[in-house]
Amino acid sequence: METPQRYALNNELHARPFPQLTSPSHAVYLALRKPSDAQDRTAERTHLLSLLDRFGTAHPAPDAVHFSGQIGRHQLKWEMHTEFVTYTVFSDDTTITPFAKTLFDIFPADWLKGAGEVLTSAIVWIEPVADEAARDKIITGHMPVWFVPESLAVSEVVDQEATIAGDFRIDENGHVRFAVLTTPGIGRRRLGRIVQRLLEIETYQAASMLTLSVARRVATRVSELDTELATLVQDMSDQKGDDANTLDRLLTMSAEIELLASSSAYRFGAAGAYEAIVNHRIEVLRETRIGGRQTFGEFMMRRYDPAMRTCRSAEWRLGSLSSRAERAADLLRTRVDVEAGIQNTEVLKQMDRRAELQLRLQETVEGLSVVAISYYAVGLVGYLVGPAEKLLGISKTSLMAGVTIPVVILVYLAIRRIRKRMGH
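At position 80 of the sequence shown the residue is numbered 79 (numbering that gives the first Met the number 0), and the sequence of numbers has no breaks.
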């Protein structure tokens, strides 16, 4: 008996092969997302099918999350991710001017309107060079025109078989530009891996940068709450204000902190994962410096890492504030509980005093009750022994005097026995 979904899981390892490219060629790339964090998979597949139908291309499987197929004279690669979907079109048409606006005409304008938000769009221009001199000519002659020199990063990659360049800026047409200069002996799969990694670097750095605005908003509110918490703790230390009101303010603050944490947790988690992918993709390119020019790794260290550090700092500060607010609330709750315990002890002492007074009053009442009951009992006995006055020759007064003490003793013993029974 085999493990369920054994073949499906094994096929997933081979589901996204790198494209096989030739030089010269180019790639046009779109990463689209919906305003919400999670994609509507059904809607995304429907949108893909509407594009494929325009070119008469066969449809992918109903549950597919990736697809490759021919659209016209070009090759399309489509992939669905957790919060975005990517379209990459590869073409070997060499008649188009590098980075021309018309490269994106492959995507119909009306189709783009319903595609969602553009996370990033990019053009990768692939051009062969015969030798190092030809490469340097393009770097010094064409790249200052293609890119912004101040932001340009250039390096040799994967055993010096290709040179990559990019400035990570959005050009006048709304796209990010990359150039790949290839040596004559580079393989198609290796070239495809280089292009794929460049696009992944751009996509995941753009996706992780979505967290920066969230981090800034969180950091601003955390600073405000931090100041408020410091004031509350100082008031607690100085024993100012009412503890119950202070505790209520602390609980309200803790609730807001938890709301901030829960509403930003997804973006902070995504930023950390995306940052790791970006750094890994740059690492596997195995960059070599060309002259004194900055590499992609150095560009990311200077421009990208500070943004990610801001995100991590905001996340850490939010967690630290949550812990401190919780500790302050615990301390205040402890103090309130101690004060309540002291008050309860005083109340119990007062209750004990009242119980003691009640007991004494009860004992007094019981003593009076013995006298009152004995008085009436002696009277009743007097009526009973009255007829014996003549028979015994003893006066009624003497008879009643004789029975008074026994009656009092009997009444006292009866009341005491009743009290004992009620006690049990």
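Just so it is clear, CB atoms sit at the ideal spot from N, CA and C, and this is done for glycine as well.
This one's a predicted model, so the numbers in the text were calculated from it and none came from an experiment.
For Asp166, which option in Arg192, Ala129, Ala121 and Ala260 has the closest C-alpha, if you only look at C-alpha atoms?
Mapped onto the sequence shown, residue 166 falls at position 167. When only C-alpha atoms are compared, the closest one is Ala121.
By a C-beta neighbour count over all protein chains shown, 10 Å radius and 16 as the cutoff for buried, is Glu282 buried or exposed?
For the purposes of this step, residue 282 is identified with residue 283 of the sequence shown, where counting begins at 1. Exposed: under 16 other Cβ atoms inside 10 Å.
If you measure between the beta carbons of Ser207 and Ala270, is that distance less than 9 Å?
For this step, residue 207 is matched to residue 208 along the sequence shown. For this step, residue 270 is matched to residue 271 along the sequence shown. Yes, the pair counts as a contact, with Cβ atoms nearer than the cut-off.
Taking C-beta to C-beta, are Ala178 and Ala30 nearer than 9 Å?
As a working mapping, residue 178 is identified with position 179 in the sequence shown. As a working mapping, residue 30 is identified with position 31 in the sequence shown. Cβ distance not < 9 Å, so Ala178 and Ala30 don't count as in contact.
What residue from Ala313, Leu224, Asp329 and Asn172 has the CA that sits closest to Ala243's CA?
Taking the sequence shown and counting its residues from 1, one reaches residue 243 at position 244. Minimum Cα distance to Ala243 is reached at Asp329.
So for Phe267, helix, strand or coil by DSSP?
Your numbering for residue 267 matches position 268 in the sequence shown. Looking at Phe267 - three-state DSSP - the assignment turns out to be helix.
Is the distance from the Cβ of Glu78 to the Cβ of His58 below 9 Å?
Looking up residue 78 in the sequence shown gives position 79. Looking up residue 58 in the sequence shown gives position 59. Against a cut-off of 9 Å, the Cβ pair of His58 and Glu78 comes out as no contact.
If we call anything under 9 Å between Cβ atoms a contact, is Leu320 one with Asp225?
Position 321 of the sequence shown holds residue 320. Position 226 of the sequence shown holds residue 225. Closer than 9 Å, so yes.
Is the separation between the beta-carbon of Gln19 and that of Leu190 shorter than 9 Å?
One-based indexing of the sequence shown puts residue 19 at position 20. One-based indexing of the sequence shown puts residue 190 at position 191. Yes, the Cβ-Cβ distance between Gln19 and Leu190 is below 9 Å.
Can you give me the start and stop residues for the beta strand (DSSP E) that Ser67 sits inside?
Here the question's residue 67 lines up with position 68 in the sequence shown. Element bounds for Ser67: His65 to Ile70.
Starting from the Cα of Met307, find the closest Cα among Asn278, Arg332, Gly318 and Val335 and give me that residue.
Here the question's residue 307 lines up with position 308 in the sequence shown. Checked all of Asn278, Arg332, Gly318 and Val335; the closest Cα to Met307 is Asn278.
Can you check whether the CB of Ala324 is closer than 9 Å to the CB of Ser236?
On the sequence shown, position 237 is the one that residue 236 refers to. On the sequence shown, position 325 is the one that residue 324 refers to. Contact: no.
Using the Cα positions of Arg216 and Arg188, report the straight-line distance between them to the nearest angstrom.
In the sequence shown, residue 216 corresponds to position 217, counting from 1. In the sequence shown, residue 188 corresponds to position 189, counting from 1. Those two C-alpha atoms are separated by around 43 Å.
Quick check: what's the CA-CA separation for Pro425 versus Phe83?
Given a span of 0 to 423 for the chain in the structure shown, any question on residue 425 remains unanswerable.
Would you call the region 147 to 163 in contact with the region 83 to 94, where contact means no fewer than 3 C-beta pairs closer than 8 Å?
These segments do not touch.
Beta-carbon separation of Val194 and Ile105 under 9 Å?
Looking up residue 194 in the sequence shown gives position 195. Looking up residue 105 in the sequence shown gives position 106. No.
With a floor of 3 residues, list each beta strand (DSSP E) that falls wholly inside the region 91 to 134, ordered by position along the chain.
Counting whole runs of 3 or more residues, the region 91 to 134 contains the beta strand (DSSP E) stretches 116 to 127.
Is the Cβ-Cβ distance between Ala327 and Val221 less than 9 Å?
Along the sequence shown, one-based indexing puts residue 327 at 328. Along the sequence shown, one-based indexing puts residue 221 at 222. The answer is no: Cβ separation not under 9 Å.
So for Gly290, helix, strand or coil by DSSP?
Here residue 290 refers to the residue found at position 291 when the sequence shown is read from its first residue. Reduced to three states, the DSSP call for Gly290 is coil.
For Ser49, I'd like the list of residues in its chain whose CB is within less than 7 Å of its CB, leaving aside the five on either flank, ordered along the chain.
Here the question's residue 49 lines up with position 50 in the sequence shown. Cβ neighbours of Ser49 beyond the five flanking positions: Trp110.
So who's on the other strand from Arg168, going by DSSP bridges?
Residue numbering aside, residue 168 sits at position 169 when the sequence shown is read from its first letter. DSSP, once it has assigned bridges, lists no residue as partnering Arg168.
State the Cα-Cα distance for the pair Val175 and Val117, rounded to the nearest angstrom.
As a first step, residue 175 must be located in the sequence shown, where it is residue number 176. As a first step, residue 117 must be located in the sequence shown, where it is residue number 118. For Val175 and Val117, the distance between alpha carbons rounds to 12 Å.
In this structure, does DSSP put Ile426 in helix, strand or coil?
Because the chain spans 0 through 423 in this model, residue 426 falls outside it and cannot be assessed.
On the premise that Thr210 lies in contact with Cys310, defined as a C-beta separation below 8 Å, what is that separation, rounded to the nearest angstrom?
Within the sequence shown, numbered from 1, the residue matching residue 310 stands at position 311. Within the sequence shown, numbered from 1, the residue matching residue 210 stands at position 211. Confirmed, Cβ separation roughly 5 Å.
Is Ile417 near the ligand GTP, judged by its Cβ being under 8 Å from some heavy atom?
Absence of the ligand GTP from the depicted structure is noted, as is the absence of any ligand whatsoever, leaving it without description.
For Thr87, which of helix, strand or coil comes out of DSSP?
Position 88 of the sequence shown, counted from the first residue, corresponds to residue 87. Thr87 falls in the strand class under three-state DSSP.
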